[in-house]
Amino acid sequence: MSRLWPWLCAASVALSLLMLAALLTLLLTRGLGHFWPATLESVTLDSGEIIAGEAVREAPLPHRDGEERLYFTGNRDLDSHRWRWVAIDRIAERSTPRALVRLERSPWGDFIGYLSAFESGSDHLEGDAAWHALTTALAHTTFERSNATLVLQSATGETLRQPLNEIYRAHRPNAMAWWEKIRYWFQGVWQFLSEGPRAANTGGGVWPAIFGTVLMVMVMSVIVMPFGVLAAIYLNEIAHQGRLTRLVRIGVRNLAGVPSIVYGVFGLGVFVYGIGSSLDAWFFSDSLPSPTFGTGGLLWASLTLALLTLPVVIVATEEGLARIPDAQREGAVALGATRLEMLTRVVLPMAAPAMLTAMILAVARAAGEVAPLMLVGVAKLAPQMPVDGEFPYLHVERKFMHLGYHLFDTAYHGEDMQAALPLVYATALLLVVIVLVLNLTAILLRHYLRHQRGQSC
Amino acid sequence: MTPPSRPTHSALTRSTDPRRQRLDRLATASITVGAFAVLAAILAIGIFLLWESFLLLSMAGTFTLDTLSPLAWGTLKAALAAMLLALPIALGAAIYTALYMPLRLRSRVKPALEMMEAIPGVVVGFIAGLVLAPWVERHLAITLVLLVWLPLSTLLAGVLWHRARQSLRKRLPFSWAGLWLIPWLIAMTFIALWATPGVEQALIGGDLRQWLDQQLGINYATRNAMIVGMAMGFAVIPSIYALAEDALADVPPSLLEGAQALGATRWQALWKVALPAAGPGIFSAVMIGAGRAVGETMIVLMASGNTALFSASPFEGMRSIAAAIAIELPEAAPGSSTYHVLIFAALVLFLFTFLVNTLAEVVRLRLRTRLSDMGGRG
Amino acid sequence: MLASPHVSNAAYLTHFSAEQSCLNIERFSLAYAGKIALRELTLSVPRHRVTAFIGPSGCGKSTLLRAINRLHDLNENATHSGRITIEGEDIYADNMQVSELRRRIGMVFQTPNPFPMSIYENVAFGLRLQKRMSKRKRDDIIEWALTSAALWDEVKDRLHKSAWQLSGGQQQRLVIARTLAVQPDILLLDEPASALDPISTLKVEELIRNLKSQLTLILVTHNMQQAARVSDYTAFLHGGELIEYGPTDQVFTNPHLQRTEDYITGRMT
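Chains as they are written, first to last, in our numbering: chain U, 218 to 674; chain W, 4 to 381; chain F, 40 to 308.
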């Protein structure tokens, strides 16, 4: 048996790698696959009913043998639901008509069906001409479009008149060549990254969340870096290396293990209810009782996360400082440099990559952190961006959107989780990619640092 | 070449440029002030939590324990479930990486596993709550079978390997098993997926979940302790793994070689020499993992169902302290008793993790000095 | 030329008069974290000569060198008593400007420690700390310093390349040049050749002999041949105490004390 125990250890490594790979593969396929224009089917049931939609998945029937298939049919304004389970043995005929159109609209979500006519003023176009007119019109932004109306027909035969300016994208996947699909896929990814959410988070993109995350992380870095670096310099270069310094160092290290939610509680209690409410009482009393700083916002969130990432910055910077050989310090001092000159001219330039690593690690931690933000300042849908053309341009008291929270909110509080799921996958993928790329950069930087140091000294 | 004119030397007590000295003193002072500001901010966390919880004492009522105890139970249950999954995998992986893996492979595998730690909790929670939980609910039998079948099939792989011909054993060396077992595990998973429904049908005549409900009266919640254990286990594996691996790798190779020279197998050398030497380091790794499991918020929030129950069943949900704070605190009016109770809960979390981490750190530092005394790379 | 040294009360401890010496150590002791490293040392170092400190490892020779440059200031566990004076000024006086002191007493370390900058910037480092000077003047000083360190011909075409690309011996001569550029009165060398190959070592030794026309040198070495080759006076330290101090020839060929002879002949390590 003792020969076999090591095998369980080996399998542990294999299993861990497998789980990691499975998670990443799942996110990649689901997250990126969503933007691919899926084939639309027109399905005739044995009852004679016709539905049109995208086949999503199959599952065993709940009460008898056989399988059923889930179709995304859209058209919530017509039949009030977007999904349809169909038992496979009841399908009489499946086809993929080239004329099937999928429209992405704002209030009601996707439409799947046929385009009968394109009406603009007195013009009335039908068939391919209508489709051509629609794609031309969509090339313009919503503001420049003429007041045209689309006449649509669902697979069940219902007719619908749809104003053109409620439509964002249109495509006929069954009629697309592979290169058109690839172009459509890139457009979809770009739209996801550059546009705001719409149709209750089931469509559109996550741009405000990306922007909010980046802005919050930037404000946080501006706060945490000077203090973290100062503290690290103090601990490593100035403090008496005695029992007390060792104690402080252990304390700082341990703060990295304190749950993030605790920082959130501190941020809410001290920043929002404490400092924020006082600020309101002193400077913004005319807008009370609606709070200005006395509620969660960009500034408080950044401060809270700065506190949270402080240990990360201190530990990583100190590690970099400790790795600089004392010979360099002595060399500078022996030439008559004061401590400040030694630090600014020799030590800090050499520690710069370590400080960069520290910042990247802090940013990676902050970008993925959600729990404290739930207490100090994210919003489901921020009505105003925290940066705009209005003085003072950066509004640190405003609420902001955050990728991680957006992911949580869409997944758990959306009206139609099923419809939002693909976008949730895409958001999760984006978040993981951001965090992993940041971490990878930090690892490579650190590796380069060790390598370089190892060669020269 | 003639030397340039020598600078005139003034008395050493007078600086040639007093501005430099002043600047230096100013910088030292401001660095110190900055560092103390940081220290003050850190202390402020503890003081704030203590003060707000202290206010709770002045508010009459014994509700504290009643509201908190199911939460404390939920926290412990979630952490326990996570540790049950994470401990064997993380420690096994650490042992294998530190003692069996070739250095070249180790330098690739270790960062890859450490990357797991970087995956945000909200993503793990989402996958667990919305993807894994419904799948497990539909395939409960397969999940339970997999939990037993995967370790068993690994042992099977070991037996087959030892029986195999020398040429095959050379081509698939054990030191690379961490990689080539991956396809084996995938294949075994598919076998389980394929075979289990038939066995399930034959043994209990249908779905295990219904059978549990009808025959044994066990209620199955979609989001339950088992799911939380898997998800949070996934999240704490890398932190335990990284620290335990460090501790094992720091054991001087001469110790292991000495034991092996006396005729011990590598596995015996591990048990008799490496584990006792690295014991404190492994202990601190487990402590830090436990601290993380107790404080993790998003995974429990998204994968646990958030029902404050007193139940030991792995198929029931729970609500943890951290999750309760995240949900209820934004709603609680500042100054109300709920507010103070939740802050007290945060204090409990803070103290618990801080103490556990300090213990781990102290033990780790002690180990480090001990190993460097023994001539390790310490 | 100096007058012949005045021989103090003990025949084996040479003493120089105030005008002959530029550095005087009087009953200097130093303890490091409570452990005594130097015990009641009294020693004077003659101007424009090379003085070598020799002794077994741990005898305190490096510690003494670092004490002269107040490098123990960087370590707060060190405590001292007694006096070290340079040209009559106590270097441990309360109102002493340490950076000014260190500019006047250059130090070269065991392993070459050029800064991660260009060769030019390494030599300019000390100059840039002081009052502004024209680029022309700075270039002149840098060329002079590199020439004095016998490095100019080897690096004049790549002054702006990284100093870390130089060989070990070149790096050490660069560090000497860097120190010379600030024109110190005294140059402390802490086993400057111990990390170098034999050819580089010879170059550095030649450099040391040439430099004594410009300044006073103190050399710490564990290599007795080196001490014999380059130094004018030799101090033998053991267990933190000064045992014998005198002209190098005499210490090496005809030491007063048995302990010195034991060490020099290799019977004591």
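Every residue gets a Cβ at the ideal spot worked out from N, C-alpha and C, and that includes glycine.
F:Leu254 beta carbon less than 9 Å from that of F:Leu276:
no
If you measure between the beta carbons of F:Gln211 and F:Ser239, is that distance less than 9 Å?
yes
Note down, in chain order, all residues in the region 131-162 of chain F with a beta-carbon under 8 Å from any beta-carbon belonging to chain W.
Ala132, Asn134, Met135, Gln136, Ser138, Glu139, Leu140, Arg143
Whole-Å CB distance - U:Val260 paired with U:Arg311, under 8 Å assumed:
5 Å
The ligand ADP heavy atom lying under 8 Å from the CB of U:Val318:
Although the ligand ADP was asked about, the structure shown includes no ligands whatsoever.
Can a CB atom of chain W be found closer than 9 Å to the CB of F:Leu168?
yes
How do the region 51-67 of chain F and the region 282-298 of chain F stand: do at least 3 beta-carbon pairs fall below 8 Å, yes or no?
They touch, by the three-pair rule.
Go ahead and pull the three-state DSSP assignment for W:Ile207.
DSSP places W:Ile207 in helix when its eight states are reduced to three.
Return the CA-CA distance between U:Val446 and U:Asp503, expressed in angstroms with no decimal places.
40 Å
Please report whether the beta-carbon of U:Ala228 lies at a distance below 9 Å from any beta-carbon of chain F.
With 9 Å as the cut-off, U:Ala228 does not count as an interface residue toward chain F.
Can you check which of these residues, W:His142, W:Ser178, W:Ser110, is closest to U:Leu661 by C-alpha distance?
Closest option to U:Leu661, Cα to Cα, is W:Ser110.
Using beta-carbon positions only, say whether U:Met572 and U:Thr534 come within less than 9 Å of one another.
yes
Leaving out the 5 sequence neighbours to the left and right, which residues in its chain are closer than 7 Å to W:Leu350 when beta-carbon positions are compared?
Leu52, Leu53, Ser56
What span of residues does the alpha helix (DSSP H) with F:Tyr284 cover, start to end?
DSSP places F:Tyr284 in no alpha helix (DSSP H) but in the uninterrupted beta strand (DSSP E) bounded by 280-286.
Exposure of U:Val439, with buried meaning 16 or more beta-carbon neighbours within 10 Å:
Flag for U:Val439 reads exposed.
Taking Cβ-Cβ distances shorter than 8 Å, what residues in chain F pair up with U:Met634?
Chain F residues near U:Met634: none, gap ~55 Å exceeds 8 Å.
How is the beta strand (DSSP E) around F:Ile123 delimited, first residue to last?
117-125
Short of 7 Å in beta carbon distance, which residues of its chain neighbour W:Ile346, apart from the five on each side in sequence? Order them along the chain.
Leu52, Glu55, Ser56
Is the CB-CB distance between W:Val125 and U:Phe500 below 9 Å?
no
From what residue to what residue does the alpha helix (DSSP H) around U:Met393 run?
No alpha helix (DSSP H) contains U:Met393, which DSSP labels as neither H nor E.
Beta carbon proximity, U:Pro570 to chain F, threshold 9 Å:
no
Is W:Ser156 helix, strand or coil when you go by DSSP?
Reduced to three states, the DSSP call for W:Ser156 is helix.
Residues bridged to U:His341 [DSSP beta-bridge criterion]
U:Glu336
Who are the Cβ neighbours of F:Lys174 in its own chain at under 6 Å, not counting the five residues just before and after it?
none
How big is the Cα-Cα spacing for F:Tyr159 and W:Ala329?
58 Å
Identify, in the order they occur along the chain, each residue of the same chain with its Cβ nearer than 7 Å to the Cβ of U:Gly671, setting aside the five sequence neighbours on each side.
Residue confidence is low: U:Gly671 scores 46 on pLDDT, short of 50, so the model does not pin down where it sits. No coordinate-derived value is stated.
Could you check where the alpha helix (DSSP H) with F:Arg167 kicks off and where it finishes?
158-168
Which residue's Cα is closest to the Cα of F:Val162: F:Lys195, F:Leu82, F:His261, F:Val137?
F:Lys195
To which residues of the same chain is U:Ala581 closer than 6 Å at the C-beta, ignoring the five residues directly before and after it?
Taking U:Ala581 as the centre and dropping the five residues before and after it, the same chain places the C-beta of Val652, Leu655, Asn656 closer than 6 Å to its C-beta, in chain order.
Which residues, in chain order, does the region 257-282 of chain F contribute to contact with chain U at a C-beta distance below 8 Å?
none
Taking Cβ to Cβ, would you say W:Ile302 is nearer than 9 Å to W:Ala234?
A contact, by the Cβ cut-off of 9 Å.
Chain-ordered chain U contacts of F:Arg175 [CB-CB under 8 Å]:
In chain order: nothing, as chain U lies at least about 22 Å away.
Ordered along the chain, which non-local residues of its own chain (more than five positions away) have a Cβ less than 7 Å from that of F:Arg78?
Ser68, Gly279, Glu280
Partners in chain U for W:Arg295, counting only beta-carbon separations shorter than 9 Å
Gly474, Pro476
Proximal chain U residues relative to F:Asn249, where beta-carbon distance stays under 8 Å:
Result: empty, since nearest Cβ-Cβ is about 21 Å, beyond 8 Å.
Among F:Glu182, F:Pro294, F:Phe148, F:Ala220, nearest to F:Asp192 - alpha-carbon criterion
Looking at the Cα atoms, F:Glu182 is the closest of the given residues.
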